[in-house]
Each structure stands twice: as structure tokens, then as C-alpha cells.
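Structure, as C-alpha cells:
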Amino acid sequence: MSVLSAKYMHDEAAAFAHVEAMLWADGPVCPHCGVVDRAYRLEGVRTKPSKKNPEGKERHGLWKCRECRKQFTVRKGTIFEESHLPLHLWLQAIHLMVSSKKGISSHQLHRVLGITYKSAWFLTHRIRECMRDGALAGFGGNGGIVDVDETFIGKEPGVTKAKNARGGSHKMKMLTLVDRDTKRAKSIVVDELRKSTLIPILQENIAREAYVMTDEARQYQGIGAGRVFEAHGWTNHSAGEYVNLEDREMHTNTVEGFYSIFKRGMKGVYQHCGKQHLHRYAAEFDFRYNNRIANGVDDAERS
Ligand SMILES: [Zn+2]
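Sequential numbering of the sequence shown, starting at 508, is according to our numbering.
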């Protein structure tokens, strides 16, 4: 059975129930005062009668807050608020856009959903904007801080540890970026930590206007002051400095926090984790990290 035949794709009440279940895991959240699970449903409310609908249309998903006495629906404060199109059509449009490999044109959507071309155009653009905000926008796109760090894991295949080897040349290497505003993390397995390898990866993933925070490693020197990124700050780990005392923002604790979760999770696994699989583990930890707030799980609770 196709997802498109699901009830919430066709029935407005079911569409509301579906979105409410996704966004309100702990009960309805009042968008006016922020109180959770203190609202009750208003059933049977209809819109004002009009020529087209002499008896008015049923208002689905209407709630009233016990705290501030205001009414709301789950559409309030989301992209769904911005049009009068039925919610189930929004859900169909989103499904079509995210599930089709090459995307779907406004024209196609206009025909498939039986809505005006203008509405279809509006929908595709709003949904696209959300996708950008969600996953495709560069880290630090709002001029915020992006922490960058590397870590060493397990053993690089085919490399034996030299007797006096320092650092992690014989280990697998991973680069991680964490956007402090969106709390998103992205980890990339790299073959080596040369400047010529790292900087293009940073450019690919981090917006120009970002404030990039690293340790004092030589590879990162000279990337600030608008040369590669708007600004660059670094802490001197070798001097035992993890938070710059003059500027509390100057640290890479955020990405180090990510690594501590990663290493705890990988303990006992990464010794045997082949390099060809490491990026998948990395993606799995990124995903969990990126969704930990949405899932209501924070680092302390997760063991
Ligand atoms: Zn309220």
C-alpha cells in the first residue's frame, strides 16, 4: 500500500491527528504562552457561513489553552500556518517532494493535487525552504559559531605504528563539525589531516559568514578574517587551555562533547570497525546527536 493512500493524506481530521502526534509528543503545546498539555479540544466549531459554504466549514484540530484562554491549532507557528490549503494536501505535497529522487515541479503538483498552479508554486517553495533550513543549509549559515575538531579511532588499515610515533598517524581519522546554534553535527571520515584535505571539506559544509572555532592546529591557521570564513577563533590545547578566559565563547567543548558520546558508544566496537564502515557509524551518531532534543533525550540520560 502506498503511503499516499494513508488516511492522513486524504482526511483532514486524520491529517491533524498525524501532525499533532509528530509535533506534540508530550501533549498539545500552546503557541501563545508555551504551556504544554494544558489545552482541551474544541469540537464542532465551524467557520462563518459563506455563499460557498452556507453552513460554514468544520474547523479541525482546534484547541483552547487553559492557561491563557487562547485558541490554536497545530498549524500555528509552522509552515502549515501560511496558507489556507487543507493540511492533508500539504502532507501529500511534502511526501511527493521528499520521496521523488529528482524532486517534483509546481506544475506536476498542481495537476496531481488538483490545486491551482499558484498554490502549488507556493507549496513547493515553502517546503524547499524548510528542507534547506533542515539539512541542506550550511553550518553557521546565520553567522553563528561552528566548532571543528578531529579525532582518532581504531587503526588505519595497512599502517603499522612506528616505535616513537606520536599522535594518531596510525589510526583512522574523523573530522566533526558542530553548529552551536542549530546543535547539528556532521562527521566526515578523512584519510589525512593536511590543510589541503581539510579546508575544502570545511568550505563545502560551512557557510562563509560563519565563525569557525578550532584548536591551535597549524592546518587551520589563516582561515579567518574573511579569507575563508568571516572569523576564526582557536584555543591552545597544548598549553592546557580549553576555554579562553578572556572570551568564554572561545572553546571547542561542544564538539568534544560529541566525541565523548561517540567514543563511549563505540567502545568495544571501533577496535573491530573497518574503515569502510566508519562513515556509517559516524552518520548514526550524527543522526542521534541531531535528533536528541527532538527525541527528548539529552546527553546525561543516554548511557
Ligand atoms: Zn496558552
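The C-beta atom is built at its ideal place from N, Cα and C for all residues, glycine as well.
Rounded C-alpha distance that separates residue i from residue j
i, j, result
"Met720", "Gly647", "11 angstroms"
"Asn649", "Lys559", "45 angstroms"
"Lys774", "Asn760", "21 angstroms"
"Thr554", "Leu569", "12 angstroms"
"Trp531", "Val542", "12 angstroms"
"Tyr515", "His617", "19 angstroms"
"Ser590", "Gln728", "48 angstroms"
"Pro535", "Glu565", "20 angstroms"
"Lys770", "Cys575", "46 angstroms"
"Met811", "Phe659", "Here the chain covers residues 508 to 810 and nothing more, so residue 811 does not appear."
"Glu527", "Asp698", "45 angstroms"
"Tyr796", "Ser557", "49 angstroms"
"Leu700", "Thr689", "26 angstroms"
"Thr631", "Leu596", "12 angstroms"
"Ser613", "Leu594", "18 angstroms"
"Asn802", "Pro561", "Low confidence applies here, because Asn802 scores a pLDDT of 46, under 50, leaving its location unreliable; read the following figure in that light. Taking the straight line joining both Cα atoms gives about 44 angstroms."
"Glu519", "Lys583", "16 angstroms"
"Tyr718", "Ser626", "38 angstroms"
"Lys702", "Ser509", "48 angstroms"
"Ile768", "Glu716", "29 angstroms"
"Thr742", "Gly781", "32 angstroms"
"Ala789", "Glu663", "16 angstroms"
"Ala827", "Gln726", "Lying outside 508 to 810, the shown extent of the chain, residue 827 is not represented and no answer is given."
"Phe587", "Thr667", "56 angstroms"
"Ala521", "Val605", "21 angstroms"
"Ile634", "Glu711", "23 angstroms"
"Met529", "Ala732", "42 angstroms"
"Ala724", "Tyr766", "18 angstroms"
Anticipated Cβ contact below 8 angstroms, residue i with residue j, distance rounded
i, j, result
"Ala546", "Cys537", "6 angstroms"
"Ile611", "Leu603", "5 angstroms"
"Asp793", "Ser694", "5 angstroms"
"Lys678", "Gly661", "6 angstroms"
"Glu763", "Asp656", "7 angstroms"
"Thr683", "Ala692", "6 angstroms"
"Gln599", "Leu511", "6 angstroms"
"Val735", "Ile708", "Actually they do not touch by this definition, with Cβ atoms about 12 angstroms apart."
"Gly772", "Ala714", "Not quite, the Cβ-Cβ distance comes to about 29 angstroms (not below 8 angstroms), so this is no contact."
"Leu785", "Val653", "That pair is no contact at about 22 angstroms."
"Ser549", "Lys571", "What sits at residue 549 in the sequence shown is Leu, not Ser. Contact holds; Cβ gap of about 5 angstroms."
"His517", "Phe579", "In fact, because the Cβ distance is near 24 angstroms, the residues do not count as touching under 8 angstroms."
Where the alpha helix (DSSP H) through residue i begins and ends
i, result
"Lys680", "First-last for Lys680: Met679 to Asp686, but that is the beta strand (DSSP E), not the alpha helix (DSSP H)."
"Gly772", "Asn760 to Met773"
"Ala532", "Taken as a continuous stretch (DSSP letters only), Ala532 belongs to no alpha helix (DSSP H), as it is neither H nor E."
"Ser703", "Lys702 to Asn712"
Endpoints, the beta strand (DSSP E) within which residue i is located
i, result
"Val619", "Per DSSP, Val619 belongs to no beta strand (DSSP E); it is in the alpha helix (DSSP H), Ser613 to Leu620."
"Ile652", "Ile652 to Ile660"
"Ser694", "Arg691 to Val697"
"Lys571", "Trp570 to Cys572"
"Thr742", "Ala738 to Thr742"
"Thr721", "Tyr718 to Asp722"
"Ala546", "Ala546 to Arg548"
Contact test: residue i Cβ vs ligand 2 heavy atom, cutoff 7 angstroms
i, result
"Gly731", "This structure lacks ligand 2; the ligands present are ligand 1."
Original post:
Residues near ligand 1, CB to any non-hydrogen atom under 6 angstroms, in chain order?
Top reply: Cys537, His539, Cys540, Val542, Cys572, Glu574, Cys575 and Lys577
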